[in-house]
Structures are given as structure tokens and as C-alpha cells.
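Per this note's numbering, the sequence shown starts with residue 2, numbered consecutively.
Positions of the beta carbon are idealized from the N, C-alpha and C atoms, including for glycine.
Since this is a predicted model, take the numbers as computed values, not measurements.
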Amino acid sequence: GKILAAHRELPVPDPAYLALAIAIVRRAGEIQIARRVSGFRVDKKGAIDLVTEVDVECERMCLAMVTERFPDHDLLGEELGGRAAGAQPSRYRWVLDPLDGTTNYVNGHPIFAVSVAVLYRGDPVVAAVWIPWPTEGGNEVLHARTGSGAWIGDRKLSVKKPDAGEPSRPKRGWLSTIPG
């Protein structure tokens with residue numbers, strides 16, 4: 002099937018792309034949790050941005066998993082840059098942020114994530130994000146694929162229409178998009 006996006010058709014992506022994106026973010030999340038206990042080195046990149054050896058370790062793992070499974074796809078990572086699969090750009094590019102929220106991570110705050118997206122000719126068609134979260138498993142994976150909607154774990158997200166008398170705009174003090 003095809004989906005219309007920005008006046009052009011996008012193919013519904015191979016489900017294997019989403020499965021790999023989810024596997025990548027879960028594995029990177031496991032590494033991040035383990036390294037918070039075992040410790041890690043912190044360096045500066047630029048004037049104020051931090052990079053840890055955990056950022057680099059997670060990105061290398063992500064790049065290796067994609068390269069092994071889809072060697073004809075291009076890659077772009079925040080820490081190590083990109084890799085073109087061939088002389089011509091691939092239709093698919095994986096974009097990785099192996100540790101989104103490095104400063105929070107370094108300071109022990111549980112507000113960080115692993116983010117992976119797959120672009121088809123520049124348009125996002127797959128995404129997965131791992132976040133630590135106070136649920137039974139200690140984390141959540143949010144994911145989406147063109148044509149399949151957005152999910153938190155195995156729960157499909159939907160837009161709730163306001164009940165009668167309920168305002169149709171967000172209410173102050175209400176959190177409206179929390180997993181769990």
C-alpha cells in the first residue's frame with residue numbers, strides 16, 4: 002500500500018524496519034541503565050554539550066545492527082556521523098540519537114531517551130523511542146510506522162474526543178499524553 006504525505010506517495014514500510022528499530026532502542030536502553038550503575042566517562046563536545054562513552058557505545062551498537070540487517074540503507078548518527086551504503090544515496094536512511102538527554106543522564110535525572118527513525122527519501126516512515134518510565138518494566142517504548150498508527154508498547158494511541166461540556170483544548174495542570 003501507499004500513503005500520501007506532503008503531496009507524494011510513501012510506501013508502507015517493511016514491518017522488519019519497525020521490529021529492528023524497537024530492538025535497537027530496547028538494547029540501547031538496557032546499556033544505558035547498566036552503565037548508570039557501572040559508571041562511564043564524560044567528555045565535552047563543543048562549548049557546552051556533553052558526550053559520554055555510553056552515547057558512543059550505544060550508537061556503535063545501533064549502527065552495527067542496522068548495517069548487519071540492512072547494508073543497503075544509509076545511516077546518520079548524532080555522535081559518529083553518517084555512513085552511505087553506496088555511491089548513490091539510499092532511499093532509506095536510519096537516523097539515530099543514541100542518548101537523547103545526555104546532560105540529564107550524566108546528572109542522574111531519569112529524563113532521557115533513545116530515538117531511532119527511518120526516513121524514506123527524507124520523509125519519516127518508522128520511529129521508535131525508548132524512555133525510562135515508572136512502570137512495571139521500568140521503561141516504555143513508543144513506536145510508529147506509516148499506515149499503522151502510533152503505539153506505546155502494545156497499546157495503540159488514539160485521539161480522545163472531549164466529552165459533552167469538556168473543553169476541546171488542553172486543561173492547565175492536566176497531563177494528557179503519559180504512557181501507562
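Starting from the Cα of D155, find the closest Cα among G148, P125, T147, E141 and give me that residue. E141
Suppose only complete runs of 4+ residues qualify. What are the alpha helix (DSSP H) ranges in the segment 83 to 151, listed by chain order? 103 to 107
Of the listed residues E80, V26, I32, nearest to G47 (C-alpha basis): E80
Taking DSSP as the reference, what is the three-state secondary structure of E80? coil
The alpha helix (DSSP H) enclosing V38, as first and last residue numbers: 16 to 39
Cβ-based neighbour list, I112, same chain, cut-off 7 Å, excluding 5 preceding and 5 following: G102, N105
Name the DSSP beta bridge partners of D155, please? Partner(s): none; D155 has no beta bridge.
Name the DSSP bridge partner or partners of T53? V43
Please go through the same chain and pick out, in chain order, the residues whose beta-carbon is closer than 6 Å to the beta-carbon of S159, but skip the five residues on each side of it. none
Strictly by DSSP, which residues pair up with P72? DSSP lists no partner for P72.
Can the beta-carbon of R122 be found less than 8 Å from the beta-carbon of R92? yes
Quick one: using the 10 Å Cβ neighbour count with 16 as the cut-off for buried, is P72 buried or exposed? exposed
Option in K45, V43, R84 with minimal Cα separation from C63: R84
Just to check my reading of the structure: W95 and V119 have Cβ atoms closer than 8 Å, yes? What is that Cβ distance to the nearest angstrom? 6 Å
Distance check for I153 and L176, CA to CA, integer angstroms please. Low local confidence applies: a pLDDT of 48 at L176 is under 50, so the model's placement there is unreliable, and no value is given.
With 16 other Cβ atoms within 10 Å as the buried cut-off, status of A22: buried
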